[in-house]
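Inspection log for the structure reproduced underneath, given as C-alpha cells.
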Ligand SMILES: *Cc1c(COP(=O)(O)O)cnc(C)c1O
C-alpha cells in the first residue's frame, strides 16, 4: 500500500464521538448505557486498526472505503457484539436429546408445585428461619427435616448445597483426622471433579482402602477396623457397572459390623432414589428408605438426580449425628437458600404418595412414559414439523434409545421414539448448530446423518417451538 493510501485509509476511521452520535448507536446506548457502548466502540476500533496494520504488513490490499462506509461497518460490528452479549447468560433450552437427567442442561426440571412455592416464598418474605409457633428464631433445616423423616423413616435430616458437599461435610464432622474405611471397588469418580479419595482427603479424614476392585468381603472391613477408625463408608457406584466375578458387602452386613465395633456407617447413595424404579419396569435402584431400614447411620444423596428436585444434597440419619453436623461451622458455607429449600420441600412432599410422585415429578413422569405415549407424541411433532416445512423435507418416526443420564442407572436403555429429519442443505451439523442459536435453543442429536428429536424429554409446549425453529432455518 502506498503511503498516501494508508493515510487516507486511517483518515476514514471515525473517532469514537462520531460513532456515539450515530442514530443506531444512540438506541444501543439507551438500552445498555453509555459506558459499556463507549468501551465496546474502543475495542472495535482497536481491532479494526490492528487488522489494517496486519493486512498492510502481509501485503493484502485493503479495499478503499469512505468514512461513511467504515462507520456503517463499525456500527454493524457493534450491534452484533451487543446482540451476542444479550444472548449470553442463562436461558431456557429445549432438550430433544432423550437424556432425562442431562447434567449440562440443568439436570431435573422441577414440578409445578415446586415452582409455585419458589415464587411464593421469593416474591416477599417467608418463615425461612422463623418459628411461627413461638415467634422466635427457627432453623432453615426444619422445613425439609419434617418431610425427609416422614418419607424416608430417618430420625433427622439436613439440606446442603449438593451431594458432594454433603459427603464432605459428613466426613469432616464424623471422621476428622480419623480413619474412613472404603472398598477399592467403590473409589468412584463422578463428573470429573468428585473423586471419593480426594473428597476423603480434603475433608481431613484418612482413607483406608480394603478389598480389591472386584471383590470386597466383610472380613476385609473387620480386619482394617482399629483404634483410629471412625467411619465405614459405602459408596453407590452410580455411574458404572461392574459385572462378572464381583462381590461387595451389603449395607445390612456393614451396619451390623458398625454396631459391633461402635463405628458410624455412612452411605453415599448418589442418586437419591425415593421411588421404587422396578415399578416402572426398570432395574431396582437403591432407595433411601431401604438404606435407613438396613441400618445406615448416615445417608447422603443428591436432590437433582432421580429425586427430581433442585440442586441440593440431603443428609439423613441418626439425630445425634445430624445435630453434630449442623453444629459444624462448615455447614454454614454449604447451606441452601430459600428457593432451594422451597423447591425441595415441595418435591419431597409429593413422595408421600408414590402415584402422585410419578404423575407430578417431571423426571419420574418422563422415565415412566410408555412406548405408545411416546409414539403418539412423535406423530404430533412430526405433523407440526411437516406443516412448518411445508412437506419439503423428509421426516420419519424412528425408534431410538433414551437414557436416564446424570450418572444414574448406567447401561439402562429406555426405548424411545424420535422424529428423524433427513437434512437438506446446509447439512446435519450445520442445522444442529443453527438450532442451538434459535430463539429458544433446541439441543438434539445426530444419528446416521439424520437429525433426531427425541420426544421423551419434550413437553407439548416445546413441539411448536421445535417446528418453528426448523422453519426459521430451512425456509
Ligand atoms: C452424583 C454423585 C455425587 C455428587 O453429587 P452432586 O449432587 O452432583 O454433588 C456424589 N456421590 C455419588 C455416588 C454420586 O452419584
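Residue numbers (the numbering used here): 10 to 484.
From the three backbone atoms N, C-alpha and C, an ideal C-beta is built for every residue, glycine too.
All of these numbers come straight from a predicted model, not from anything done at the bench.
Paired residues, beta bridge with residue i - DSSP
{"i": "residue 402", "result": "Paired residues: none, contrary to the question."}
{"i": "residue 425", "result": "409"}
{"i": "residue 311", "result": "322"}
{"i": "residue 471", "result": "Answer is none; residue 471 lacks a bridge partner."}
{"i": "residue 111", "result": "116"}
{"i": "residue 454", "result": "461"}
{"i": "residue 243", "result": "276"}
{"i": "residue 262", "result": "The partner list for residue 262 (beta bridge, DSSP) is empty, contrary to what the question assumes."}
{"i": "residue 215", "result": "188"}
{"i": "residue 238", "result": "188"}
{"i": "residue 296", "result": "282"}
{"i": "residue 145", "result": "140"}
{"i": "residue 430", "result": "404 and 460"}
{"i": "residue 103", "result": "451"}
{"i": "residue 256", "result": "224"}
C-beta atoms of residue i and residue j nearer than 8 Å
{"i": "residue 316", "j": "residue 298", "result": "no"}
{"i": "residue 116", "j": "residue 400", "result": "no"}
{"i": "residue 167", "j": "residue 324", "result": "yes"}
{"i": "residue 138", "j": "residue 147", "result": "yes"}
{"i": "residue 153", "j": "residue 83", "result": "no"}
{"i": "residue 222", "j": "residue 200", "result": "no"}
{"i": "residue 433", "j": "residue 483", "result": "yes"}
{"i": "residue 23", "j": "residue 58", "result": "no"}
{"i": "residue 183", "j": "residue 240", "result": "yes"}
{"i": "residue 465", "j": "residue 102", "result": "no"}
{"i": "residue 338", "j": "residue 120", "result": "no"}
{"i": "residue 141", "j": "residue 355", "result": "no"}
{"i": "residue 343", "j": "residue 227", "result": "no"}
{"i": "residue 114", "j": "residue 452", "result": "yes"}
{"i": "residue 224", "j": "residue 262", "result": "no"}
{"i": "residue 431", "j": "residue 402", "result": "yes"}
{"i": "residue 159", "j": "residue 350", "result": "no"}
{"i": "residue 280", "j": "residue 417", "result": "yes"}
{"i": "residue 347", "j": "residue 131", "result": "yes"}
{"i": "residue 264", "j": "residue 293", "result": "no"}
{"i": "residue 25", "j": "residue 51", "result": "yes"}
{"i": "residue 123", "j": "residue 318", "result": "yes"}
{"i": "residue 307", "j": "residue 275", "result": "yes"}
Cβ-based neighbour list, residue i, same chain, cut-off 8 Å, excluding 5 preceding and 5 following
{"i": "residue 406", "result": "384, 387, 388, 391, 426, 427, 428 and 429"}
{"i": "residue 332", "result": "165"}
{"i": "residue 422", "result": "410, 411 and 412"}
{"i": "residue 42", "result": "none"}
{"i": "residue 39", "result": "none"}
{"i": "residue 393", "result": "472, 473, 475 and 476"}
Assumed close pair residue i, residue j - CB separation to whole angstroms, cut-off 8 Å
{"i": "residue 278", "j": "residue 245", "result": "5 Å"}
{"i": "residue 88", "j": "residue 33", "result": "7 Å"}
{"i": "residue 188", "j": "residue 215", "result": "5 Å"}
{"i": "residue 181", "j": "residue 212", "result": "4 Å"}
{"i": "residue 230", "j": "residue 260", "result": "Contact doesn't hold; Cβ gap of about 12 Å is too wide."}
{"i": "residue 326", "j": "residue 352", "result": "At roughly 22 Å, the Cβ-Cβ gap does not stay under 8 Å, so residue 326 and residue 352 are not in contact."}
{"i": "residue 173", "j": "residue 209", "result": "Between residue 209 and residue 173 the Cβ distance is about 12 Å, and since that is not below 8 Å, they are no contact."}
{"i": "residue 15", "j": "residue 53", "result": "Not confirmed; about 20 Å, so no contact."}
{"i": "residue 435", "j": "residue 444", "result": "Residue 435 to residue 444, Cβ: 12 Å. No contact."}
{"i": "residue 345", "j": "residue 169", "result": "7 Å"}
{"i": "residue 289", "j": "residue 377", "result": "5 Å"}
Own chain residues within Cβ distance below 7 Å of residue i, not counting five before or after
{"i": "residue 204", "result": "198"}
{"i": "residue 171", "result": "311, 320, 321 and 322"}
{"i": "residue 1", "result": "The structure shown does not extend to residue 1, since the chain is modelled only from 10 to 484, so the question has no answer here."}
{"i": "residue 234", "result": "190, 270 and 272"}
{"i": "residue 251", "result": "194 and 223"}
{"i": "residue 358", "result": "156"}
{"i": "residue 366", "result": "284, 359, 360 and 373"}
{"i": "residue 341", "result": "none"}
{"i": "residue 481", "result": "447"}
Own chain residues within Cβ distance below 6 Å of residue i, not counting five before or after
{"i": "residue 107", "result": "411, 425, 463, 465 and 466"}
{"i": "residue 301", "result": "161, 162 and 163"}
{"i": "residue 37", "result": "46 and 91"}
{"i": "residue 437", "result": "455, 458 and 460"}
{"i": "residue 118", "result": "371"}
Any chance you could list the alpha helix (DSSP H) runs of at least 4 consecutive residues sitting entirely within the region 154 to 206, in chain order? Qualifying alpha helix (DSSP H) stretches, in chain order: 172 to 183.
Identify every run of the alpha helix (DSSP H) within the region 350 to 418, keeping only runs that are complete inside it and at least 4 residues long; order them along the chain. 363 to 369, 371 to 377 and 380 to 397
Quick one: which unbroken alpha helix (DSSP H) runs of 4-plus residues sit fully inside the region 13 to 46? Chain order, please. 25 to 29 and 32 to 41
In chain order, which continuous runs of the alpha helix (DSSP H) of length 4 or greater are located wholly inside the region 326 to 350? You should have 328 to 336 and 339 to 342.
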